[in-house]
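One structure is given below, encoded as structure tokens.
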Amino acid sequence: MAISACQALLLMALAAAALMMSTASGTLQYNFYSSSCPKAEEAVRNATVKIISNNPTMGAAIVRLFFHDCFVKGCDASILLDQSSSNPQPEKLAIPLRGYDAVNTIKAAVEAVCPGVVSCADILAFAARDSAMVSGGFTFPMLGGRRDGLASDLRDIFGSIPAPNMQVQQLVGSFSAKGLSAGDLVALSGAHSFGITHCSFVTPRLYPAVDPTLNATYAAALRKVCPQSSGGGTVLNNNNITDPNVLSNQYYKNLGTREVLFKSDQTLTSDAATAKMVQDNADNPVAWMARFAGAMVRMGGIEVLTGNQGEIRKVCGATNSGS
């Protein structure tokens, strides 16, 4: 979507405020690679734009990878590690996610410019930011300086990732455990405006009886796409009114008409505080963009490895030891 110069300035100012808060600890920095690899973010951006231009569904996939990485063991690229002797059951075995090949392609583009300098954790963070630029039409500064972790264990996922059947207070608690606010929860939930999901996450709201918080007409349409025996088939995302590959505040409008896929989406309207946030985001797309930007930056600071911790992987799917 196109935004005016005035709106862009507002967005950048609000994102910068979040940036200042995030850098209070001094662990991550804006423009971290200005000396060591000045073309790093440009390389990430160019590769990300090309990937999403060729396959528009990849924008949502990359943002989701970033979310999963940060909520499990912190933003350390553990979600990207393949199975190995030291990581026999990595996180990626637990949940079917897309985008691994895309991140590997972006990493290769950066390695061609600056070998061994930029972490996979930072590449994923920058690529998620640039996915918002391509799919949502807005951008913001993203901190750098993360290091890559050495371990990945699917058992770490349990209890870390918010579930699609959670109630609002459970979601607020889940985000609070990661240092994020209820406002961050609502802002980041806007990412459900693009991408796809599996019927298995939706059918609990459809059978044996339709969830009363679900719009009846919408439920009837979903039942056609996801019959009771549908298994893992896919359905379109929450942005069914417009384009499923566009990141926007349409999600919040769909909450108002009860046309969202997950119970964890609709529950945001069941609490007075989060319901007001939902309405504010529905009414003001530019303010939501700024909130989303700030929340993405704050999420990118969860339990990061910095300094001499971890390593800078040569490839994102394996540690440098290869074990």
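For the sequence shown, the residue numbers in mature numbering (1 follows the signal peptide of the UniProt record, and there is no 0) are -26 to -1, 1 to 297. All C-beta atoms, glycine included, are put in the ideal place defined by N, C-alpha and C.
Beta carbon of residue i nearer than 8 Å to that of residue j
| i | j | result |
| --- | --- | --- |
| S126 | L71 | no |
| A99 | C49 | yes |
| R129 | D96 | no |
| I276 | S93 | no |
| T248 | A161 | no |
| V46 | I36 | no |
| K288 | N282 | no |
| R179 | K237 | yes |
| Y225 | S167 | yes |
| T241 | V108 | no |
| L221 | V209 | no |
| G291 | N78 | yes |
| T31 | N258 | no |
| D254 | A246 | no |
| A101 | V18 | yes |
| A269 | D158 | yes |
| R103 | F114 | yes |
| S244 | V142 | yes |
| L154 | M263 | no |
| A51 | G110 | no |
Span of the alpha helix (DSSP H) around residue i
| i | result |
| --- | --- |
| C44 | 32 to 45 |
| E15 | 14 to 28 |
| P259 | 259 to 273 |
| I97 | 94 to 110 |
| D75 | 74 to 87 |
| L124 | That residue, L124, is in no alpha helix (DSSP H); it is neither H nor E in DSSP. |
| Q240 | 237 to 240 |
| L154 | Run containing L154: none; DSSP gives neither H nor E here. |
| V199 | 190 to 199 |
| K227 | 224 to 230 |
Inter-residue spacing [alpha-carbon to alpha-carbon] between residue i and residue j
| i | j | result |
| --- | --- | --- |
| P136 | V176 | 15 Å |
| A165 | L229 | 13 Å |
| T(-4) | A190 | Model confidence at T(-4) stands at a pLDDT of 41, short of 50, so the residue's coordinates are unreliable and nothing is read from them. |
| R38 | P201 | 26 Å |
| E233 | Y192 | 6 Å |
| N61 | K250 | 44 Å |
| V271 | F40 | 11 Å |
| G169 | C44 | 19 Å |
| M(-6) | S8 | Per-residue confidence for M(-6) stands at a pLDDT of 43, beneath the threshold of 50, marking its modelled position as unreliable; no derived number is given. |
| K66 | L279 | 20 Å |
| A34 | V184 | 28 Å |
| G296 | S58 | 8 Å |
| D75 | I69 | 16 Å |
| S(-2) | Y181 | Confidence is the limiting factor: at S(-2) the pLDDT is only 41, short of 50, which leaves the residue's position unreliable and the question unanswerable from this model. |
| N29 | L145 | 31 Å |
Sequence-distant residues of the same chain with beta carbon closer than 7 Å to residue i, five excluded per side
| i | result |
| --- | --- |
| T231 | N189 |
| G90 | I286, K288 |
| S105 | T22, I26, G33, I36, V37 |
| A256 | N223, Y226, K227, G230 |
Own chain, CB closer than 8 Å to residue i, minus 5 neighbours either side, in chain order
| i | result |
| --- | --- |
| K13 | V87, C88 |
| F6 | D96, L117, G118, G119 |
| M140 | S148, K237, S238, T241 |
| L20 | Going by the sequence as given, residue 20 is Asn instead of Leu. So the qualifying residues of the chain are A83. |
The ligand HEM heavy atom lying under 7 Å from the CB of residue i
| i | result |
| --- | --- |
| L279 | The ligand content of the structure shown is nil, which means the ligand HEM is not present either. |
Interface flag, residue i vs chain C, CB-CB below 8 Å
| i | result |
| --- | --- |
| G207 | The structure shown contains no chain C; it holds only a single protein chain. |
Original post:
Whole beta strand (DSSP E) runs in the stretch 50 to 75 with 3 or more residues, listed along the chain?
Top reply: Within the stretch 50 to 75, no complete beta strand (DSSP E) run reaches 3 residues.
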